[in-house]
Amino acid sequence: MRNELRRTAVLAWASFLDAARRPATLLTMTSGLMLILALPYIMLFKIGEQARIMRDACLSMQFLLGWLVAALAGAGALHDELRSGTAALALCKPVGRARFLLAKFLGLAMFVSLMTALFAEAVMISVRASMTQYLTDDRILLPALAAPGAAFGAAAVVNAMRNRPFVPLSLALMAVLMTAA
């Protein structure tokens, strides 16, 4: 039983890393963060209910992009594993089909929950920045808007200097910088 859980955890972690290495997930997550953070500037009618309107708009965007990332990463991971033969190799070992698919699901769920945590930080920043009726609080919003660009710049420098993978490093730096903002 313990070995089965260990195998499932290893497969789930590999699935999480595979989703984190995909450029499509990075682009979707970054565009979602930027849209959520730009909503205080985009929202035209606030009607005295700024916080509720911002929360509703951000949560609907978070729901839509969560489904999109899960579909992109899940379909891409299964397609790549079936094409390269690693799924057949994993199923030939003492890992059943149900456990393999469960581990894939758990890995994608971990990645989507990381994305949800980053989006939740962006939602809190956006709601706080749009609390007044006609003004936005740029002192709060601008560092968060600069975080993805700074993460991409730092990841590009590290990629050029040390030949580290760009996508996972930029995701990690974006998580750190969004938390710091």
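Residues in the sequence shown are numbered from 221 upward in steps of one, following the working numbering. For glycine and all other residues, C-beta sits at the position ideal for the given N, C-alpha and C. The structure displayed is predicted, hence computed values, not measured ones.
Under DSSP, the alpha helix (DSSP H) around residue i begins and ends at which residues?
i, result
"Val347", "317–349"
"Thr245", "243–262"
"Ile273", "270–304"
"Ala367", "358–382"
"Ala400", "386–400"
Is the Cβ-Cβ distance between residue i and residue j less than 7 Å?
i, j, result
"Ala349", "Ile360", "yes"
"Ala375", "Leu393", "yes"
"Leu323", "Thr245", "Note that residue 323 is Ala in the sequence shown here, rather than Leu. Going by C-beta atoms, Ala323 is not nearer than 7 Å to Thr245."
"Phe386", "Gly327", "no"
"Thr248", "Val289", "yes"
"Met335", "Ala367", "no"
List the whole-angstrom C-beta distance separating residue i from residue j, where the pair is believed to meet the contact cut-off of C-beta under 8 Å.
i, j, result
"Arg263", "Ile273", "The residue you asked about is not Arg; residue 263 is Met in the sequence shown. The Cβ separation is near 7 Å, so the contact holds."
Measure the alpha-carbon distance for residue i versus residue j and round it to whole angstroms.
i, j, result
"Ser339", "Leu253", "A small correction: the amino acid at residue 339 is Phe; Ser does not occupy that position in the sequence shown. Approximately 6 Å, taken between the alpha carbons."
"Ser333", "Gly373", "25 Å"
"Gly296", "Ile267", "42 Å"
"Leu259", "Gly369", "18 Å"
"Ala232", "Phe331", "10 Å"
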